[in-house]
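Note that my numbering has the first sequence beginning at 22, numbered continuously upward. Note that beta-carbon positions come from the ideal geometry of N, C-alpha and C, so glycine has one too. For clarity, every value in this text was computed on a predicted model and none was experimentally measured. Take a look at the structure set out below.
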Amino acid sequence: MLDRHLLRTQPEAVRADAKKKGIEVPIDRFLQIDEEWRTLITGLQARQADLNRSSKEIGALMSQGKRDEAEAAKETVRAAKEEIAAGEARERELEAELRDLELQFPNLPHESVPVGFDEDKNAIIREWGDIPPFDFEPKPHWELAEARGLIDFPRASKISGSGFAVYTGWGARLQRALISFMVDRQTLRNGYREVYPPYLVLGASLYGTGQLPKFEEDLYKVDDDLYMIPTAEVPVTNLYRDEILEAWQLPIKLAAYSACFRRESGAAGKDTRGIQRMHQFDKVELVKIVLPENSYDELESLTVDAESILQELGLHYRVSLLCTGEMSFSNAKCYDLELWSPGLRKYLEVSSCSNFEAFQARRANIRLRRAQGDKPEFAHILNGSGLATPRLFAAIIETFQQEDGSIVIPDALRPYVGTDVIA
RNA sequence: GGAAGGGUGGCAGAGUGGUCGAUUGCGCCUGUCUUGAAAACAGGAGGCGGGCAACCGCCCAGGGGUUCGAAUCCCCUCCCUUCCUCCA
């Protein structure tokens with residue numbers, strides 16, 4: 022959600038910025054309804070004030086024993102009440118429409134974001150390492166995994182259907198090692214506080230982070246109002262929903278490992294080979310709640326924190342600054358980390374590091390107070406993966422495969438995996 | 001799953017139809033006093049929204065109802081505590 026005040030005072034700027042994301046916003050309709058709503062509520066509140074006054078007078082009359090006068094006053098008030106009730110009904114309508122309109126406004130892109138609608142408008146900010154050279158034909162990860170018994174695809178689909186993987190033997194071990202490695206680095210080295218969240222959340226939490234109402238079809242729903250989390254961002258960000266934080270508590274930096282569950286209903290048939298796109302996958306998520314004036318510096322350091330994992334593993338990747346049209350609805354600025362897959366000969370997205378500014382905080386009602394007596398203001402919220410395992414797993418075994426199909430484990434992971442090589 | 005009792009301001013804890021947005025205590029802020037602090041005394045202090053402002057409206061878990069008037073009465077939902085049951 023955007024600030025209503027911004028919509029009222031700078032409608033044309035909002036319209037133009039939203040257009041950069043390719044979104045036509047109903048700003049005219051909003052202004053019209055907003056105007057009507059404000060006129061109505063001003064009048065309604067004056068009425069309500071009259072009524073409150075009258076009720077007090079009746080109370081006074083009653084206590085003085087002037088019953089007749091009191092009864093007469095009641096008659097007058099009763100009529101006024103009906104008018105107010107009608108006004109309130111109209112107000113509820115207008116408010117519902119305002120809320121509905123408000124949800125159609127995307128977050129506005131930061132000025133540093135390139136304007137454009139195609140992937141080729143994304144800016145490659147930096148690359149790390151080189152495309153690893155091979156003196157043989159590198160295999161895709163599913164062939165490597167199959168040959169060494171790291172992932173059992175046929176049995177996965179037998180027990181759970183398509184879009185699931187069963188990690189077995191050294192594969193399971195590597196998977197578990199990656200999670201421990203990443204959580205350790207983000208907590209012990211990069212200063213995040215570890216959170217282990219529930220995997221099921223109430224609808225209210227999904228509204229807070231914006232998955233609902235728009236993306237219900239991507240979620241698994243297990244009960245009346247319980248959903249499986251599509252990312253740890255949901256439980257972790259919502260930890261502070263409806264809270265007012267003290268400025269000295271910020272920044273709050275949280276790192277959470279969780280499994281993630283996505284129906285991927287819009288992506289049926291896409292990336293079906295291997296483990297590029299799964300209904301269930303593992304991810305370490307980083308969330309920051311920060312002071313507004315620091316949020317862009319915090320975005321840079323968040324991105325560096327996510328990158329540090331890839332660097333330590335010795336994987337080639339690049340950082341892409343998404344253009345306006347490629348960013349998600351609630352983003353103000355977003356870096357993607359793209360990891361090189363030698364087997365697929367393309368870059369795979371393993372992390373999106375985003376600054377939502379106050380957009381998400383406004384929805385989730387996460388505020389901060391600078392000093393005693395100050396008005397609360399909305400915090401800025403950022404998140405990024407640090408990182409998602411399936412594509413990382415794939416890139417690791419593809420990058421470090423040997424001609425005989427064995428896989429050398431990167432130094433940093435050896436204490437976690439417990440071997441130098443998966444032979 | 002069954003039974004009972006509860007959900008009030010940062011916390012504790014009053015309030016069971018009428019100037020209650022709410023007594024009081026602790027904590028907090030500002031004055032006075034003091035070299036400074038403590039103590040004492042005086043005052044202040046919640047959130048959301050409308051209004052240029054003065055002010056005004058709404059908020060006592062959430063929703064609905066009764067009433068001129070609801071924190072207080074009625075209905076529904078949610079949550080918490082204790083006991084039982086079940087389980088890892």
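* Residues near R111 in its chain [Cβ-Cβ closer than 7 Å; skip 5 each side] -> Cβ within range, chain order: L61.
* CA-CA distance, G405 and S375? -> Distance between the alpha carbons of G405 and S375: 6 Å.
* **DSSP bridge partner residues for E398 (one or two, in chain order)** => According to DSSP, residue pairing for E398 in a beta bridge involves L389.
* Leaving out five residues on either side along the sequence, give the residues of the same chain with a beta carbon under 7 Å from the beta carbon of Q69. => Same-chain partners within the cutoff: I105.
* Determine the direct distance from the alpha carbon of R169 to that of A444, and round the result to whole angstroms. => Whole-angstrom Cα-Cα distance: 8 Å.
* Asked: Just checking my contact of H337 with P159 at CB under 8 Å: how many whole Å lie between their CB atoms?
  -> Not really, about 13 Å apart at Cβ, beyond 8 Å.
* **7 Å CB neighbourhood of A21 in its chain, flanking five on each side removed** => Only positions 22 to 444 of the chain appear in this structure, which leaves residue 21 out of reach.
* Short Cβ contact (8 Å threshold) for Y213 with L124 -> Not closer than 8 Å, so no.
* Pick helix, strand or coil for R50, following the three-state DSSP scheme. => In the three-state DSSP reduction, R50 falls in the helix class (H, G or I).
* Asked: Who pairs with C281 in a beta bridge, going by DSSP?
  -> Answer by DSSP bridge pairing, in chain order: F302.
* With DSSP as the reference, label A276 as helix, strand or coil. => Strand at A276.
* **Proximity to L23 [Cα-Cα], best of F377, S362, S341** => Looking at F377, S362, S341, the one whose alpha-carbon comes closest to that of L23 is F377.
* Taking the alpha-carbon positions, what's the V340 to E370 distance? -> Cα to Cα, the separation comes out at about 10 Å.
* Host beta strand (DSSP E) of I145 (start-end) -> Counting along the chain, I145 sits inside the beta strand (DSSP E) bounded by residues 144 to 149.
* Asked: When we look at the beta-carbon of F421 and count the other beta-carbons within 10 Å, is it buried (16 or more) or exposed?
  -> With 16 or more other Cβ atoms within 10 Å, it is buried.
* To do: Note the first and the last residue of the continuous beta strand (DSSP E) segment covering I172.
  => Neither: I172 is in no beta strand (DSSP E) and is coded neither H nor E.
* Asked: Between the region 304 to 322 and the region 263 to 282, do three or more beta carbon pairs fall short of 8 Å?
  -> Contact holds: three or more Cβ-Cβ distances are below 8 Å.
* Asked: Which residue from A117, F126, E109, R50 puts its Cα closest to that of K42?
  -> Taking K42 as reference, the option from A117, F126, E109, R50 with the minimal CA-CA separation is F126.
* Consult DSSP for V371 and reduce its assignment to one of helix, strand or coil. => Collapsing the DSSP output to three states places V371 in a strand.
* Nearest neighbour of A268, chosen from A400, I250, D89, S286 [CA to CA] -> Nearest to A268 by alpha-carbon distance, out of A400, I250, D89, S286, is A400.
* Residue burial classification, R294 (beta-carbon count within 10 angstroms, cutoff 16) -> Counting Cβ neighbours within 10 Å, R294 comes out exposed, since fewer than 16 surround it.
* Burial state of G184 (16 or more Cβ within 10 Å) -> By the 10 Å Cβ count, G184 comes out buried.
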